[in-house]
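Following: one structure in structure tokens, then a few remarks.
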Amino acid sequence: MEEKIEHVQCLIIGSGPAGYTAAIYAARANLKPVLYQGFQPGGQLTITTEVENYPGYADGVQGPDMMVDFEKQATRMGADLRYGTATSVDFSECPLKVHIDEEKWISAEAVILATGASAKWLGLDSEVRLNGHGVSACAVCDGFFFKEKEVCIVGAGDTAAEEALYLSKICSKVHMIVRRDEMRASKIMQQRVLNTKNIQVYWSSEVEEILGEEKTEAVRIINNKSNETTTIPVSAYFVAIGHQPNSEIFKGWLDMDDAGYIITQPGSTRTNIGGVFACGDLQDKIYRQAVTAAGTGCMAALDAERYISALEHPVPSDHFSLP
Ligand code: NDP
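Given below as structure tokens:
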């Protein structure tokens, strides 16, 4: 049986701050956007607790509530939000095609990709059990809740170093757990970490367990050279061992860096394929904030609007280049 194809003007994949913001702008530009929410509607913010650094929420807001607000706003503007996950794409020709749940193709003049990234975890049961109760993958989001407390952070890359330094300004002590006897982070970041008095580095050490019933109370680590275990009392456990951009299905179509982040042209959300725009954490490994994701979502909708408008009203190429 031949599969049906539905054609839309502007298709958005992903429902974090980037995807919803793109939907708000695209709907207001009358592009009648259709947005597929993916396997985790609302994205990474739905697994955080209080968000205090998103401008406009003077009293802070719970992450899941904020995403409900984003969703409501996109719906109110007329975006068509749907359950469903993109499972493959065909960007070989215009219109561009995206397969949803392996059962339905959607074709579109412009596609905005906002599939985000997922934090990597060690895979401990206690990470799941205490998530939101002192277990976090985002120091900038949650560090403030542990003011003057002792916390630990796992990882030794630039993110871990940056987040350890961030936490050191808020918390009384930061225990940094590094699995090898050296750090992957750039030399300058390593030096900063090692020169910060309230950061203690545990070399060749791995977290065995996070301890605590209702909330995080300690971590048990093991030195992988001596096999010696140590229990460190902490109020929070931060993991910073990297993120994985959700870009698997775009491999072979879109230019990506070694880690799988989509490469966009500087100052825009344009990818190497005309009509395909990438925003949010899918293309940002540096800032990764809700507000920056929303900002690039806005950019993607504006880029898509210009692209579609140029398709509909072609002008000589020396006058205007397609975004
Ligand atoms: P990285 O992949 O660079 O580092 C991940 C770190 O986590 C490594 O130290 C790794 O250890 C450790 N790790 C991985 N798995 C485990 C595990 N199971 N147990 C314990 N430790 C583990 O990720 P980052 O997020 O730090 O950085 C990603 C990229 O973004 C990098 O290119 C980085 O330079 C860049 N970046 C740049 C910034 C800036 O310019 N301001 C800020 C932040 C990131 P090991 O070394 O042993 O493999």
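In the working numbering, each number is its position in the sequence shown, counted from 1, plus 249. From the three backbone atoms N, C-alpha and C, an ideal C-beta is built for every residue, glycine too. Remember, predicted model here, so these are calculated numbers, not experimental data.
What first and last residue would you give for the beta strand (DSSP E) that runs through residue i?
i, result
"threonine 480", "478-482"
"tyrosine 556", "Here tyrosine 556 belongs to no beta strand (DSSP E); instead the alpha helix (DSSP H) covers 539-561."
"tyrosine 451", "448-451"
"aspartate 329", "329-331"
"methionine 425", "422-426"
The ligand NDP and residue i: does the residue's C-beta get closer than 8 Å to at least one heavy atom of that ligand?
i, result
"alanine 388", "no"
"alanine 508", "yes"
"arginine 428", "yes"
"methionine 505", "no"
"glutamate 458", "no"
"arginine 519", "no"
"arginine 433", "yes"
"aspartate 350", "no"
"isoleucine 535", "yes"
"glycine 404", "yes"
"glycine 383", "no"
So residue i and residue j are supposed to be a Cβ contact under 8 Å. How far apart are they, rounded?
i, j, result
"tyrosine 486", "valine 423", "At roughly 11 Å, the Cβ-Cβ gap does not stay under 8 Å, so tyrosine 486 and valine 423 are not in contact."
"valine 347", "isoleucine 261", "Contact doesn't hold; Cβ gap of about 10 Å is too wide."
Can you give me the start and stop residues for the alpha helix (DSSP H) that residue i sits inside?
i, result
"proline 494", "It is not in any alpha helix (DSSP H) - proline 494 instead sits in the beta strand (DSSP E) that spans 492-494."
"phenylalanine 394", "Note, phenylalanine 394: premise wrong, no alpha helix (DSSP H); not H, not E."
Taking residue i as the reference, give the member of the options with the closest Cα.
i, options, result
"lysine 617", "Thr445, Lys436 and Ala539", "Residue 617 falls outside the range modelled here, since the chain spans only 250 to 572, and no answer is possible."
"glutamate 455", "Phe288, Val442, Ile402 and Glu411", "Ile402"
"glutamate 561", "Ala549, Leu280, Gln440 and Ala409", "Leu280"
"threonine 478", "Glu497, Tyr451 and Thr295", "Tyr451"
"asparagine 495", "Gln532, Ile448 and Thr480", "Gln532"
"alanine 368", "Gly287, Ser421, Ala278 and Arg537", "Arg537"
"alanine 328", "Ile535, Val257 and Thr336", "Val257"
"proline 482", "Gly516, Ala388 and Ser421", "Ser421"
*May I ask you to verify whether the stretch 354-373 touches the stretch 543-559, counting CB pairs closer than 8 Å and requiring at least 3?*
yes
*Touching or not, the stretch 447-461 and the stretch 369-378, by the rule of three or more beta carbon pairs under 8 Å?*
yes
*Check whether the stretch 390-399 touches the stretch 280-299, taking contact to mean three or more Cβ pairs, one atom from each stretch, closer than 8 Å.*
yes
*Could you tell me whether the stretch 424-434 touches the stretch 470-484, using the rule of 3 or more Cβ pairs below 8 Å?*
yes
*Do the stretch 532-547 and the stretch 264-280 meet, that is, are 3 or more Cβ pairs less than 8 Å apart?*
yes
*Hey, is the stretch 400-414 in contact with the stretch 309-319, meaning 3+ C-beta pairs nearer than 8 Å?*
no
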